[in-house]
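Here is the structure we will look at.
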Amino acid sequence: MKKITSNKNAVYVLAEAAQSYEGNESVAIELTKNIKEAGADGIMFQIVFADELSLPNNNNYQAFKNLEIRDDFWADIVSDFATDSFNIIGEIFGSKSLEVCEKANFHGYKIHVADICNIPFLREVSNTNKPVLLGIGGADYEEISDAIEALKTFNDIDIKLMHGFQLCPTPISLSNLRKITALKDTFK
């Protein structure tokens, strides 16, 4: 089983590019190149398709549409930059972004907390047998447990929980960092 692990650091450093490439392939290449040269263990891109994130009548639909990049570009990023010590991770929002990442041979996936109860999608991700970073900010223990079970439907994949709070910036009083210890004890 493949794991997302650091070969250089005691801590795995994953640079979150998110949507900062703004639909521009040159920017995505430059980000990846610079992050790799800086010594990070990997980079994570949000793989955006407007139809996975909103309906056409939504005010943000065109903004999401502008972030879309041709499918085969992601395979170029992986072939040009990915190594055993530099991972390319895709934050995916549905079957299409998962399919694009699979064809490009991404190392693993990030699942946004908005999909923590999307059991059919989580089972689809399980079928890839690739590591998963699971966003759990705002989820309760039953939702987390059900999501882990769904992600392990077909394979015993490596799952890392990503604690967070869905408010930016998060006030210190709401960060609830003690929850990390409880999550570690409960979910290992």
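For the sequence shown, this note's numbering gives the first residue as 2, with consecutive numbering after it. Ideal placement from N, C-alpha and C gives every residue a C-beta, glycine not left out.
Is the beta carbon of residue i less than 8 Å from the beta carbon of residue j?
{"i": "residue 75", "j": "residue 44", "result": "no"}
{"i": "residue 110", "j": "residue 79", "result": "no"}
{"i": "residue 140", "j": "residue 123", "result": "no"}
{"i": "residue 130", "j": "residue 156", "result": "yes"}
{"i": "residue 56", "j": "residue 65", "result": "no"}
{"i": "residue 68", "j": "residue 23", "result": "yes"}
Measuring straight from C-alpha to C-alpha, what distance separates residue i and residue j?
{"i": "residue 102", "j": "residue 184", "result": "29 Å"}
{"i": "residue 21", "j": "residue 188", "result": "32 Å"}
{"i": "residue 108", "j": "residue 173", "result": "33 Å"}
{"i": "residue 86", "j": "residue 180", "result": "30 Å"}
{"i": "residue 12", "j": "residue 93", "result": "24 Å"}
{"i": "residue 127", "j": "residue 175", "result": "32 Å"}
{"i": "residue 113", "j": "residue 160", "result": "13 Å"}
{"i": "residue 81", "j": "residue 164", "result": "31 Å"}
{"i": "residue 70", "j": "residue 151", "result": "29 Å"}
{"i": "residue 186", "j": "residue 63", "result": "43 Å"}
{"i": "residue 16", "j": "residue 51", "result": "23 Å"}
{"i": "residue 18", "j": "residue 143", "result": "30 Å"}
{"i": "residue 105", "j": "residue 154", "result": "23 Å"}
{"i": "residue 72", "j": "residue 26", "result": "11 Å"}
{"i": "residue 90", "j": "residue 170", "result": "24 Å"}
Under a Cβ-count criterion, where at least 16 other Cβ atoms within 10 Å of its own Cβ denotes burial, should residue i be classed as buried or exposed?
{"i": "residue 178", "result": "exposed"}
{"i": "residue 162", "result": "buried"}
{"i": "residue 98", "result": "buried"}
{"i": "residue 31", "result": "exposed"}
{"i": "residue 40", "result": "exposed"}
{"i": "residue 42", "result": "buried"}
{"i": "residue 182", "result": "exposed"}
{"i": "residue 34", "result": "exposed"}
{"i": "residue 3", "result": "Residue placement at residue 3 is poorly supported in this model, since its pLDDT is 43, which falls under 50; the coordinates still yield a value, given next. Exposed, by the Cβ-count rule."}
Can you round the beta-carbon distance between residue i and residue j to whole angstroms, since I take them to be within the 8 Å contact cut?
{"i": "residue 254", "j": "residue 137", "result": "Since the displayed the chain opens at 2 and closes at 189, residue 254 lies outside it and no answer follows."}
{"i": "residue 125", "j": "residue 146", "result": "That pair is no contact at about 19 Å."}
Can you determine whether any heavy atom of the ligand ADP sits closer than 7 Å to the C-beta of residue i, and answer yes or no?
{"i": "residue 29", "result": "In the structure on display, the ligand ADP does not appear, and there are no ligands present to speak of."}
Using a Cβ-Cβ distance cut-off of 8 Å, determine whether residue i contacts chain B.
{"i": "residue 61", "result": "Reference to chain B is not applicable here, since this structure consists of a single protein chain."}
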